[in-house]
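A.B. asks:
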Amino acid sequence: MSTSSLSYPPAADSNTVSSETNFSSVLTFPLQKWYEWGYQHNPLTASEIDISRVKHSYALLQDQLGNSENPIYGLHTSYGENERNHLDPNQWKDTQVNLLEYLRVGIGAPLPKTVVRRALKLQAQKTAHGLSGIHPSTYQALLKLANGDSLPMVPRKGSLGASGDLISMAHAITPLFEHGPRGPRDVIGLVNTNAMMASWAIEHDNRLRKLLRDCFKSVALMSLAIGAGDEHFSEGLHHGEVHTSYARAGNLLTQLRHDYLKSSRVSEGEKSLLQARYSVRCAPQILGHCLDLLEYSEAKIRSEATAVADNPLILESGPWHGGLFYAIGLASSAEFMQEIIHRLAEMLDRQILILMDHRLNGRLPDNLNVETFNHCKGIHQLISALFQEIKARSTPVRQMSFSCEGNNQDLVPCGMAALNNVNDQLDTLREIVRAATFCSARAAMMRSSDDLPEALNLKNWPQFTTSQVESIL
Numbered sequence: 000m001s002t003s004s005l006s007y008p009p010a011a012d013s014n015t016v017s018s019e020t021n022f023s024s025v026l027t028f029p030l031q032k033w034y035e036w037g038y039q040h041n042p043l044t045a046s047e048i049d050i051s052r053v054k055h056s057y058a059l060l061q062d063q064l065g066n067s068e069n070p071i072y073g074l075h076t077s078y079g080e081n082e083r084n085h086l087d088p089n090q091w092k093d094t095q096v097n098l099l100e101y102l103r104v105g106i107g108a109p110l111p112k113t114v115v116r117r118a119l120k121l122q123a124q125k126t127a128h129g130l131s132g133i134h135p136s137t138y139q140a141l142l143k144l145a146n147g148d149s150l151p152m153v154p155r156k157g158s159l160g161a162s163g164d165l166i167s168m169a170h171a172i173t174p175l176f177e178h179g180p181r182g183p184r185d186v187i188g189l190v191n192t193n194a195m196m197a198s199w200a201i202e203h204d205n206r207l208r209k210l211l212r213d214c215f216k217s218v219a220l221m222s223l224a225i226g227a228g229d230e231h232f233s234e235g236l237h238h239g240e241v242h243t244s245y246a247r248a249g250n251l252l253t254q255l256r257h258d259y260l261k262s263s264r265v266s267e268g269e270k271s272l273l274q275a276r277y278s279v280r281c282a283p284q285i286l287g288h289c290l291d292l293l294e295y296s297e298a299k300i301r302s303e304a305t306a307v308a309d310n311p312l313i314l315e316s317g318p319w320h321g322g323l324f325y326a327i328g329l330a331s332s333a334e335f336m337q338e339i340i341h342r343l344a345e346m347l348d349r350q351i352l353i354l355m356d357h358r359l360n361g362r363l364p365d366n367l368n369v370e371t372f373n374h375c376k377g378i379h380q381l382i383s384a385l386f387q388e389i390k391a392r393s394t395p396v397r398q399m400s401f402s403c404e405g406n407n408q409d410l411v412p413c414g415m416a417a418l419n420n421v422n423d424q425l426d427t428l429r430e431i432v433r434a435a436t437f438c439s440a441r442a443a444m445m446r447s448s449d450d451l452p453e454a455l456n457l458k459n460w461p462q463f464t465t466s467q468v469e470s471i472l
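First residue of the sequence shown? That's 0 in numbering that gives the first Met the number 0, and the numbers climb one at a time after it.
1) Tell me the residue span of the alpha helix (DSSP H) that contains proline 154.
2) Valine 190 by DSSP, collapsed to three states: which one?
3) In three-state DSSP terms, what is tryptophan 36?
4) In terms of alpha-carbon separation, which member of Gln380, Gln424, Arg441 lies closest to asparagine 360?
5) For leucine 352, I'd like the list of residues in its chain whose CB is within less than 7 angstroms of its CB, leaving aside the five on either flank, ordered along the chain.
6) Check this for me: beta carbons of alanine 330 and cysteine 214, under 8 angstroms apart or not?
7) Please list the terminal residues of the continuous beta strand (DSSP E) segment that includes leucine 314.
8) Would serine 271 and arginine 349 qualify as a contact pair, given that the criterion is a beta-carbon distance under 8 angstroms?
9) May I have the straight-line CA-CA distance separating glutamate 453 from glutamine 467, to the nearest angstrom?
10) Excluding the 5 residues preceding and the 5 following phenylalanine 463 in the sequence, name in chain order all residues of the same chain whose CB lies nearer than 7 angstroms to its CB.
11) Classify phenylalanine 386: buried if its beta carbon has 16 or more other beta carbons within 10 angstroms, exposed otherwise.
12) For the beta strand (DSSP E) holding isoleucine 106, just list the boundary residues, first then last.
13) Excluding the 5 residues flanking aspartate 356 on each side, which residues of the same chain have their C-beta closer than 8 angstroms to its C-beta?
14) Comparing C-alpha positions only, which one of Glu345, Cys403, Leu165 sits nearest to alanine 384?
15) Inspect the beta-carbon positions of leucine 141 and threonine 305 and report whether they are closer than 8 angstroms.
16) Can you tell me which of Asn310, Met445, Gln95 puts its alpha carbon nearest to the alpha carbon of glutamate 269?
17) Can you give the beta carbon distance from glutamine 408 to alanine 161, rounded, assuming they're within the 8 angstroms contact cut?
18) On the three-state DSSP scale, how would you describe cysteine 281?
19) Determine the closest residue to serine 262 out of Ile300, Tyr295, Leu220, with distance taken between C-alpha atoms.
20) Could you tell me which residues DSSP puts in a beta bridge with cysteine 438?
21) Would you mind sorting tryptophan 319 into buried or exposed? The rule is 16 or more other CB atoms within 10 Å of its CB.
22) Decide if the region 171-190 is in contact with the region 417-435; the criterion is three or more beta carbon pairs, one per stretch, under 8 angstroms apart.
23) Is the beta carbon of leucine 451 less than 8 angstroms from the beta carbon of valine 369?
24) Less than 8 angstroms between the CB atoms is what I'm expecting for alanine 326 and glutamate 303, so what's the real figure, rounded?
25) Could you name the residues of the same chain whose beta carbon sits closer than 6 angstroms to that of asparagine 456, not counting the 5 residues immediately before and after it, in chain order?
26) For valine 104, count neighbouring Cβ atoms within 10 angstroms of its own Cβ and tell me buried if that reaches 16, exposed if not.
27) How about isoleucine 340 and isoleucine 389: do their beta carbons lie closer than 8 angstroms?
28) Quick one: what does DSSP say valine 265 is sitting in, helix, strand or coil?
29) For tyrosine 57 and threonine 113, which I take to be in contact (beta-carbon distance under 8 angstroms), what is that distance rounded to the nearest angstrom?
30) Have a look at His288, His40, Val421, His55 and flag the residue whose alpha-carbon is nearest the alpha-carbon of isoleucine 313.
31) In whole angstroms, what is the alpha-carbon distance linking arginine 256 and valine 241?
32) Could you tell me whether the Cβ atoms of lysine 92 and threonine 192 are closer together than 8 angstroms?
33) Considering only DSSP beta bridges, list what proline 85 is partnered with.
34) So, under 8 angstroms CB-CB, glutamate 68 and threonine 76 are touching, yes? Tell me the CB distance rounded to an integer number of Å.
35) In or out: leucine 425 buried (at least 16 other Cβ within 10 Å) or exposed?
36) Give every residue of the same chain whose Cβ lies closer than 8 angstroms to the Cβ of leucine 410, excluding the five residues on either side of it in the sequence, and list them in chain order.
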């Protein structure tokens with residue numbers, strides 16, 4: 000089993016960044032192939048090497064099962080803090096059934112089916128490393144479930160993110176054990192994983208990249224409306240040791256500005272200040288920083304997504320006990336995404352405030368008032384209210400940890416809770432971006448001799464989408 004290389008776009012330097020001309024090609028989706036695993040039209044298949052590894056691993060487990068002098072966690076012992084309780088490894092069927100039953104206690108809204116399907120495929124790839132002692136038939140059943148029509152409902156709340164996706168994966172793999180487990184590690188080897196968190200993070204990454212694209216468009220339109228000019232986004236960003244991501248972001252904004260000015264509906268406003276407010280003047284720094292953070296986040300996701308995340312590993316030398324399921328990388332990914340969301344929301348809130356003030360917005364009417372189209376003061380108030388929600392949910396992931404599960408999991412990275420929080424914040428950011436784009440597009444088109452598009456009439460705000468911008472320009 001293999002996945003295609005998921006390389007990042009090359010880091011921009013001051014020479015190459017000025018020659019970038021295609022906005023869509025620059026803001027690519029490095030994790031797209033894994034994202035597509037969430038859909039049934041992308042089935043995963045096992046190679047002969049994968050099957051051979053799984054069979055060999057299961058044979059090793061059978062050889063090691065009877066060696067009480069080198070015990071295997073979860074077979075010779077109970078789980079977690081109860082590891083001190085010794086078990087008869089020959090009773091593995093009861094042990095595995097009990098584990099599955101006591102973990103199926105998740106609550107909350109179900110995870111999207113794309114997340115569940117992708118997680119099952121990621122887990123199949125992890126299993127194919129041949130280090131978990133999973134029964135070969137269970138491995139084949141896992142692939143069939145991942146590729147099939149019917150998927151289980153998986154609640155999103157319950158996993159601590161320290162010993163992996165215990166509770167969420169227990170729900171996800173339940174259909175595999177309708178007739179009981181086939182092998183001694185079939186349950187523990189499939190729940191001791193980070194596959195569900197990795198899948199959730201990949202889902203968020205895709206959404207956040209799309210929102211970041213829309214942010215660039217809103218910022219470009221807003222800067223045109225206030226007459227900011229190209230200066231803040233261009234030449235100075237390409238000199239000396241300026242961070243290349245800032246130059247990259249500035250170049251993208253300049254490109255978008257020039258593209259929008261080709262439309263008869265858009266004209267540059269009257270410059271009100273030599274230096275625009277920081278939310279505009281420093282937009283390349285903010286957006287460039289967000290691009291960096293997103294690439295850091297994606298690097299963490301990549302390192303966790305298909306790597307082995309089990310405990311113990313079944314090696315030739317015997318069982319190896321460690322903490323590969325400790326999903327600190329995915330918690331860090333959530334932390335990066337949370338900062339991006341906060342930075343973008345804050346920037347857009349400040350920019351739309353500028354658009355409401357005739358002294359700063361290139362002498363457009365206060366609140367972007369247009370006769371028969373009403374004004375946008377309420378929309379800015381909405382943006383600020385939504386930003387309040389984001390601020391209220393911005394507890395750093397590193398501050399969420401506390402000792403859990405009888406002090407066995409005395410440090411937890413809180414990956415699943417953090418990713419659930421990111422999901423909610425992405426919902427909020429989507430509305431902020433939509434509202435900001437409505438105001439920015441309206442402001443950029445208000446000087447045109449053409450009538451303002453009906454899509455930008457306040458009465459049509461509920462139906463407005465960011466994708467409409469290109470069609471109304």
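Ideal Cβ placement from N, Cα and C applies to all residues, glycine included.
Here the structure is a predicted model, which is why all the values come from computation and not from measurement.
C.D. replies: To lay it out plainly:
1) Taken as a continuous stretch (DSSP letters only), proline 154 belongs to no alpha helix (DSSP H), being part of the beta strand (DSSP E) at 154-156.
2) helix
3) coil
4) Arg441
5) A distance below 7 angstroms between beta-carbons, with the five flanking residues on each side excluded, links leucine 352 to the following residues of its chain, in chain order: His379.
6) By the CB criterion at 8 angstroms, alanine 330 and cysteine 214 fall outside the cutoff.
7) From DSSP, the beta strand (DSSP E) with leucine 314 extends over 312-314.
8) no
9) 11 angstroms
10) Arg433, Phe437, Ala454
11) Label assigned to phenylalanine 386: buried.
12) 106-109
13) In the same chain as aspartate 356, and ignoring 5 residues on each side of it, the C-beta atoms closer than 8 angstroms to its own belong to Asp365, in chain order.
14) Glu345
15) Not a contact, by the Cβ cut-off of 8 angstroms.
16) Met445
17) 4 angstroms
18) coil
19) Leu220
20) DSSP, once it has assigned bridges, lists no residue as partnering cysteine 438.
21) exposed
22) Touching, no.
23) Against a cut-off of 8 angstroms, the Cβ pair of valine 369 and leucine 451 comes out as a contact.
24) 6 angstroms
25) Phe372
26) exposed
27) The answer is yes: Cβ separation under 8 angstroms.
28) coil
29) With a contact defined as Cβ atoms closer than 8 angstroms, tyrosine 57 and threonine 113 miss out at about 30 angstroms.
30) His55
31) 22 angstroms
32) no
33) The displayed chain sequence assigns histidine, not proline, to residue 85. Looking at the DSSP assignment, histidine 85 forms a beta bridge with Thr76.
34) Rounded, the Cβ-Cβ distance is 14 angstroms, inconsistent with contact.
35) Counting the other Cβ atoms within 10 Å of the Cβ of leucine 425 gives 16 or more, which makes it buried.
36) Ala161, Ser400, Ser402
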